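Chemist: My questions all concern the structure below.
Residue numbers (our numbering): 235 to 340.
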């Protein structure tokens, strides 16, 4: 009886590892840069990827609580006060082309 439990536990462990590995391979956050840099009011800010909503909109924040959003096919938008900066209205492709987007390489 103990052998059957051990074998079952081993199989369940292997299945969970396989499922976890497959989930990592299709991580939706990989489509977005980890950091986006923008100039706002003469200062350069680093916006860090904070979350990706079920609607496909990624939220970026700075340590001083400036925030913005962007989707795969959309344009960067500011959150909060009426901010105007060097990222607004740009797509991910444009941010990457201008050197403002930084991806994590695995």
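All C-beta atoms, glycine included, are put in the ideal place defined by N, C-alpha and C. Please read all numbers here as calculations on a predicted model, not as lab measurements.
#1: Tell me which residues share the same chain as residue 248 and place their Cβ nearer than 7 Å to its Cβ, disregarding the 5 neighbours each side in the sequence.
#2: Going along the chain, which residues of its own chain have a beta-carbon closer than 6 Å to the beta-carbon of residue 310, five neighbours each way excluded?
#3: State yes or no: is the C-beta of residue 335 within less than 9 Å of the C-beta of residue 291?
#4: Sorted by chain position, which residues of the same chain lie with C-beta nearer than 6 Å to residue 266's C-beta, five sequence neighbours on each side aside?
#5: From residue 326 to residue 276, what does the alpha carbon distance come to, in whole angstroms?
#6: Out of 280, 264, 286 and 306, which one is the CA nearest neighbour of residue 296?
#7: Helix, strand or coil, according to DSSP, for residue 292 in the structure here?
#8: Tell me where the beta strand (DSSP E) around residue 264 begins and ends.
#9: What are the boundary residues of the beta strand (DSSP E) that residue 327 is part of?
Modeler: Straight from the coordinates:
#1: Caution applies to residue 248, whose pLDDT of 48 falls short of 50 and renders its modelled position unreliable; the model cannot decide the point.
#2: For residue 310, where only same-chain residues beyond five positions count, the Cβ hits under 6 Å are 302, 304, 321, 322 and 324.
#3: Their beta carbons are not under 9 Å apart, which means residue 335 does not touch residue 291 by this criterion.
#4: Excluding positions up to five away in sequence, the list reads 283 and 292.
#5: Rounded to the nearest whole angstrom, the C-alpha separation of residue 326 and residue 276 is 22 Å.
#6: Looking at 280, 264, 286 and 306, the one whose alpha-carbon comes closest to that of residue 296 is 280.
#7: In this structure, residue 292 counts as strand in the three-state DSSP scheme.
#8: From DSSP, residue 264 is part of no beta strand (DSSP E); its letter is neither H nor E.
#9: Per DSSP, residue 327 belongs to no beta strand (DSSP E); it is in the alpha helix (DSSP H), 326-331.
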